[in-house]
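Okay, so here's the structure we're looking at.
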Amino acid sequence: MTATPESRSGDTAAAAQDGVRPGPEEDLYDPEEEELQQNGGPDAKPVFRNVEEFVTYRFLPMYTRPEGGQFRWCKEWWRHPEAVSRFHALWHAWEVLRWEPGTGMAVWYRDHLDYQMSYIMGDTGPFRECTSRRHQDPRPLPADPAPEGWFEDEW
Numbered sequence: 001m002t003a004t005p006e007s008r009s010g011d012t013a014a015a016a017q018d019g020v021r022p023g024p025e026e027d028l029y030d031p032e033e034e035e036l037q038q039n040g041g042p043d044a045k046p047v048f049r050n051v052e053e054f055v056t057y058r059f060l061p062m063y064t065r066p067e068g069g070q071f072r073w074c075k076e077w078w079r080h081p082e083a084v085s086r087f088h089a090l091w092h093a094w095e096v097l098r099w100e101p102g103t104g105m106a107v108w109y110r111d112h113l114d115y116q117m118s119y120i121m122g123d124t125g126p127f128r129e130c131t132s133r134r135h136q137d138p139r140p141l142p143a144d145p146a147p148e149g150w151f152e153d154e155w
């Protein structure tokens, strides 16, 4: 199991709470976070080391939806290259926008999370053949190779 951001920072009490990061209601004001924001900003060390940590400790505990209908999920989300790429984009946007005062997180939800999740969990998205109990390998679109010389090298 990957260490949580809290366990790496020594906050074992927070890390012991079911192995998930605190939700927004438990994390409203943190004087250390305020000091870090004033002294750290967007160039400060990221909260998460990789996309798996972001999905496991930030996204999954926070983003709850009933499965079925318009919401599809795959417990082996990491086997879907499109989902990994989109979660990677969400993670990087979150790491930057968390430093924006006022509306940074609102922008992240509206412009990034809501937009990406409609594709990731939608009925034509990468999880379209999966359920939370069963993974189905994604099938790439078929393509024939272009004839020799069809494309000019750009680099």
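Using the UniProt record's numbering, the letters of the sequence shown map in sequence onto residues 1 to 155.
Ideal placement from N, C-alpha and C gives every residue a C-beta, glycine not left out.
Can you give me the Cβ contacts of residue i inside the same chain, cut-off strictly under 6 Å, excluding the 5 residues immediately before and after it?
| i | result |
| --- | --- |
| Gln116 | Arg86, Leu90 |
| Glu82 | Pro126 |
| Ser132 | Glu67, Trp73, Lys75 |
| Cys130 | Cys74, Gln136 |
When DSSP builds the beta bridges, which residues end up paired with residue i?
| i | result |
| --- | --- |
| Phe71 | Gly68 |
Tell whether a beta-carbon distance below 9 Å holds between residue i and residue j.
| i | j | result |
| --- | --- | --- |
| Trp94 | Glu52 | no |
| Arg49 | Asp123 | no |
| Leu113 | Tyr63 | yes |
If you drop the 5 nearest sequence neighbours on each side, which residues of the same chain put their C-beta closer than 7 Å to that of residue i?
| i | result |
| --- | --- |
| His88 | Val51 |
Count Cβ pairs between the region 97-106 and the region 118-138 that sit closer than 8 Å; are there 3 or more? no
Sufficient close CB pairs (3 or more, under 8 Å) joining the region 44-59 to the region 103-112: no
May I have a chain-ordered list of the alpha helix (DSSP H) segments no shorter than 4 residues that lie completely inside the region 73-154? 81-97, 104-107, 114-120
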